[in-house]
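**Q** Going by my numbering, the first residue of the sequence shown is number 542, and it counts up by one from there. Below is one structure. I have some questions about it.
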Amino acid sequence: MVEWFLYVPQSRQGIDDLVAKARAAESAGFDGVALLDHLETPMAPASPIWEAMTAATWLAAKTERITLGHLVLCDAFRQPAVLAKQAVTLAEASGGRFELGLGSGSMPDELAKFGVSTASPRERVDALGRTLSALKRYWDADDEAAQIPTPSAPIPIVLGGVGPRMLNLVREHADWWNLPATYVDRLAEFIPQIGSAKASVQQMTGFVRRGDDAAATTEKAQRRFGHFGAGLVCGDAHALADHFRGLEAQGAQRFYVWFADFAPVDTIVEFGETVIRV
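Next up, the structure:
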């Protein structure tokens, strides 16, 4: 059965708002919640944003069932041995409800601004590969490099991206591969390239709720996120259900739903009632 995650960037909102959205997602039938990982809000650096692992830990403490994760943690932000320890701690504290999403870093200007890294894209992907190999050793009780405690259950690895070198890492290391929203119309092209990893899709959604003016909702979503191209889909519950079924038929096994109205609780609840649970 397909899985549903709420993708909710933890920027421009309070911690209590994040908790309310996570709890609404849990009640509405979502399987998980995913955050992003940046030191400043993309394209809006003056807007506040909360640290990714801390926010996920807090949401895990405030929920009971949903899985917590990220699309995706930036490899360069965390030393691999420290990341391994953080992941095990959160996985154990949440009762196995944490997945480790990792990427090589999508905003090089941000990395340079905060003194994190000036590495090239190729160097960042190479570094991610080294991190993934190190995590396997840190989490393997039979390896001389193992950290104690090792995970009591496997921690799923989520990798995203469509470049050839990233796809090599997906095939070697990933339990889940995520297709970024801007490539949604190319899902069928990439599915054969991900090996045994399960496929997920990030989808920006202009949800026309009951009683909404469809044209106005669509216009606002297009104005905000039309640059996503096929990565933005607009429609009522029936149209969206058809759209997601089409992606599932192409091989998607999980959806990261990203709402163009920034996911107020009422939107989350109605989406659960009319799309997820139908």
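Every residue gets a Cβ at the ideal spot worked out from N, C-alpha and C, and that includes glycine. A quick note: this is a predicted structure, and the numbers were derived from the prediction, not measured.
Can you give, in chain order, each stretch of the beta strand (DSSP E) that sits fully within the segment 601 to 678 and has at least 3 residues?
**A** List check, beta strand (DSSP E) in window: 608 to 611 and 641 to 644.
**Q** Could you please give the first and the last residue of the uninterrupted alpha helix (DSSP H) stretch that includes R712?
**A** Against the sequence shown, residue 712 aligns to sequence position 171. Its alpha helix (DSSP H) spans residues P705 to H714.
**Q** What's the gap between the Cα of P805 and the Cα of A682?
**A** As a position in the sequence shown, residue 805 is number 264, starting the count at 1. As a position in the sequence shown, residue 682 is number 141, starting the count at 1. Computed Cα separation, rounded: 43 angstroms.
**Q** Ordered along the chain, which non-local residues of its own chain (more than five positions away) have a Cβ less than 7 angstroms from that of A762?
**A** As a first step, residue 762 must be located in the sequence shown, where it is residue number 221. Answer for A762: G747, L773, C775 and A801, listed in chain order.
**Q** Would you call D783 buried or exposed, if buried means 16 or more other Cβ atoms sit within 10 Å of its Cβ?
**A** Sequence index remark: in the sequence shown, residue 783 carries index 242 (1-based). By the 10 Å Cβ count, D783 comes out exposed.
**Q** Taking a contact to mean a Cβ-Cβ separation below 7 angstroms, would you say E567 touches T608 in this structure?
**A** For the purposes of this step, residue 567 is identified with residue 26 of the sequence shown, where counting begins at 1. For the purposes of this step, residue 608 is identified with residue 67 of the sequence shown, where counting begins at 1. Going by C-beta atoms, E567 is not nearer than 7 angstroms to T608.
**Q** Would you call Q620 buried or exposed, if buried means 16 or more other Cβ atoms sit within 10 Å of its Cβ?
**A** Here residue 620 refers to the residue found at position 79 when the sequence shown is read from its first residue. Flag for Q620 reads exposed.
**Q** Looking at the secondary structure, which residues open and close the beta strand (DSSP E) in which G776 lies?
**A** As a position in the sequence shown, residue 776 is number 235, starting the count at 1. Where G776 is concerned, the enclosing beta strand (DSSP E) stretches over L773 to G776.
**Q** Per DSSP, what are the beta-bridge partners of T746 in this structure?
**A** If you number the sequence shown from 1, residue 746 lands on position 205. According to DSSP, which records beta bridges pairwise, T746 is partnered with V774 and F800.
**Q** Give a single yes or no on whether A782 has its beta carbon closer than 6 angstroms to a heavy atom of the ligand SAM.
**A** Inclusion of the ligand SAM in the displayed structure is not the case, the ligand content being empty and no account of it being possible.
**Q** Does W717 come out as helix, strand or coil in the three-state DSSP assignment?
**A** Residue 717 sits at position 176 when you count from the first residue of the sequence shown. The answer is strand: DSSP assigns W717 an E or B state.
**Q** Less than 8 angstroms between C-beta atoms, sequence neighbours within five positions excluded: which residues of the same chain meet that for A687?
**A** As a first step, residue 687 is located in the sequence shown; it is residue number 146 there, counting from the start. So the list reads R678, Y679, W680 and D681, once near-sequence residues are dropped.
**Q** Nearest by alpha-carbon distance to S674: which of D616, A694, S693 and A780 is it?
**A** To locate residue 674, count along the sequence shown from 1; it is residue 133. The shortest Cα separation from S674 among D616, A694, S693 and A780 belongs to D616.
**Q** Do the segment 545 to 554 and the segment 570 to 577 make contact, defined as three or more Cβ pairs closer than 8 angstroms?
**A** Result yes; three or more Cβ-Cβ pairs closer than 8 angstroms.
**Q** For I809, which three-state DSSP category applies?
**A** Here residue 809 refers to the residue found at position 268 of the sequence shown. I809 falls in the helix class under three-state DSSP.
**Q** Distance check for E814 and A808, CA to CA, integer angstroms please.
**A** Taking the first residue of the sequence shown as position 1, residue 808 is located at position 267. Taking the first residue of the sequence shown as position 1, residue 814 is located at position 273. In the sequence as presented, Ala is not what sits at residue 808; that position holds Thr. Each residue's Cα considered, the two are about 10 angstroms apart.
**Q** On the DSSP letters alone, give me the boundaries of the beta strand (DSSP E) that F546 sits inside.
**A** By one-based count along the sequence shown, residue 546 stands at place 5. E544 to Y548 is the span of the beta strand (DSSP E), which, as asked, contains F546.
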